[in-house]
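Asker: Can you read through this structure? Questions will come right after.
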Amino acid sequence: MRTALVTGATGFVGSQVVDELLAREEAVRGLVRDPAKAARLRERGIEVIVGDIRDPEAVSRAVQGIDVVHHCAAAVGAHYTGREIRETNLGGVRRLLEEARAASVGRVLLLSSVNVLGTVNLDPATEDLPCRRSHDPAADVKIEMERLALEAGHGPGPEVVILRPGFIYGPGDPGNLPRIIRALRRGKFAYIGSRDHVIPIVHVGDVVQAMLLAAQAPSANGRVYQITDGSRTTVGQFIDHLADLLECPRPRRVLPGFLPRLGCVVFDGLHLVVPRCPAPINRSGVRFLGTSRYVDIRRAREELGYAPRVGYREGLAETLRGLAVPAKEETDDCSLSRSGKDR
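For what it's worth, my numbering labels the leading residue of the sequence shown as 18, then goes sequentially.
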């Protein structure tokens with residue numbers, strides 16, 4: 018029986034990788050930072066190493082006797098500083114690959130993002146396109162991570178496979194969709210540039226499916242695979258359906274593209290002075306709403322046997338059930354004409 022290590026085993030994606038591995042009766046070890054969450058994993062019979070991906074000793078212990086690593090740990094969100102993002106998402110991967118090589122791990126699966134393709138409109142966006150820096154620390158660090166990992170994969174260490182998911186949503190979503198839901202309920206949501214932008218979306222269950230396929234595909238070493246639901250869903254279609262499920266008015270306000278991007282520059286400057294100051298807008302959100310990208314997943318279909326199972330309509334309904342979000346909160350929260358500060 019193979020033994021799999023899941024880093025970030027209690028996170029959004031990692032926890033669901035663990036669930037699927039257990040369902041397949043595979044041996045699982047988890048690397049987690051929070052001792053309380055580690056205890057809950059142990060109750061399920063999972064071996065747990067408590068530590069940070071940046072900690073060489075913890076990573077060394079975690080990879081001993083491991084056949085495949087599902088690397089899901091990452092610093093994601095505005096509450097992380099640029100330094101923390103770099104140390105975790107680049108330095109952590111470097112450390113993981115070094116320790117995996119020393120422990121003779123067979124394969125390491127790494128999660129990147131379609132955001133490495135930058136902020137230009139693309140149709141189609143394939144894996145052969147060059148990565149483009151976008152001044153978003155999280156996305157730009159992933160470009161460096163991909164380069165580092167692919168170089169390592171051609172060396173004497175473990176095989177390396179990189180997956181680039183789109184906008185991940187689904188049950189357990191810690192913040193992506195909840196932020197949009199809050200904006201819709203408060204009448205604060207606005208499109209950026211157009212309602213017709215094609216958006217790369219993917220249900221978390223399909224990301225897990227892709228990771229498990231990539232763990233076994235014989236020819237996947239050194240390859241990059243883009244993972245979405247394969248559709249040409251527009252941001253307007255996605256948001257309209259979400260608003261309908263929430264029983265909120267469908268938003269119609271469209272902002273010129275330059276305004277939110279200018280806002281990002283302002284808040285980036287503020288972040289240098291007050292690193293943990295929460296920003297009402299970020300580059301990742303602006304990219305999601307303000308860029309049109311049809312992401313080609315043909316390579317994943319042909320080489321991994323990946324077949325998306327969840328479309329956005331059923332995926333959003335399931336997500337709301339999983340988030341335990343009431344169909345409707347206060348009526349005023351859904352009014353587009355509501356004034357006053359967000360609560």
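The beta carbon of each residue, even a glycine, is placed where N, CA and C say it ideally should be.
It should be emphasised that the depicted structure is a prediction, and the values quoted were computed from it without experimental measurement.
Buried or exposed: where does A40 fall if 16 or more other Cβ atoms within 10 Å of its Cβ makes it buried?
Answerer: A40 should be labelled exposed.
Asker: Near P141, what residues of its chain come up, given a Cβ to Cβ distance below 8 Å and the 5 sequence neighbours on each side ignored?
Answerer: Y311, V312 and D313.
Asker: In the structure shown, what three-state DSSP assignment does D257 receive?
Answerer: Helix, per DSSP.
Asker: Work out the CA separation of A237 and L321 for me, nearest whole Å.
Answerer: Their Cα atoms are separated by approximately 8 Å.
Asker: How many whole angstroms separate the CB atoms of R124 and A227, which I take to be in contact at a CB cut-off of 8 Å?
Answerer: 14 Å between Cβ atoms; not a contact.
Asker: Among the residues of its own chain, which have a CB less than 6 Å from the CB of H220, if the five just before and after it don't count?
Answerer: Once the five neighbours on either side are set aside, the close Cβ partners of H220 are G187, V327 and G332.
Asker: Just the Cα atoms here: how many angstroms apart are E37 and C89?
Answerer: For E37 and C89, the distance between alpha carbons rounds to 14 Å.
Asker: Measuring straight from C-alpha to C-alpha, what distance separates I198 and L306?
Answerer: If I take the Cα positions, the gap works out to 14 Å.
Asker: So what does DSSP say about T6, is it helix, strand or coil?
Answerer: Outside the displayed range of the chain (18 to 360) lies residue 6, so it cannot be described from this structure.
Asker: For L279, which residues in the same chain have their Cβ closer than 8 Å to its Cβ, ignoring the five residues on either side in sequence?
Answerer: Residue confidence for L279 is low, a pLDDT of 43 falling below 50, so the modelled location carries little weight; the figure read from the coordinates is stated next. Within the same chain, L279 has no close Cβ partners at all.
Asker: Considering E323, what are the terminal residues of the beta strand (DSSP E) in which it resides?
Answerer: Position check: residue 323 holds Tyr in this sequence, whereas Glu was assumed. Looking at the DSSP string, Y323 is not in any beta strand (DSSP E), and its letter there is neither H nor E.
Asker: Where do the N-terminal and C-terminal ends of the alpha helix (DSSP H) with A79 fall, by residue?
Answerer: Residues P73 to V80.
Asker: Run the CB neighbour count on G62, radius 10 Å, all protein chains shown included, and call it buried at 16 or more, exposed below.
Answerer: Classification of G62: exposed, given that the 10 Å Cβ count is below 16.
Asker: Identify every residue that forms a DSSP beta bridge with L229.
Answerer: In DSSP, L229 forms no bridge with anything.
Asker: Please report the distance separating the alpha-carbon of P175 from that of V133.
Answerer: Their Cα atoms are separated by approximately 23 Å.
Asker: Would you please verify whether the beta carbon of A91 is less than 8 Å from any beta carbon of chain E?
Answerer: The question asks about chain E, but that chain is absent: this structure has only one protein chain.
Asker: Contact check, A44 vs V80 under 8 Å by CB: the rounded distance?
Answerer: The Cβ separation is near 14 Å, so there is no contact.
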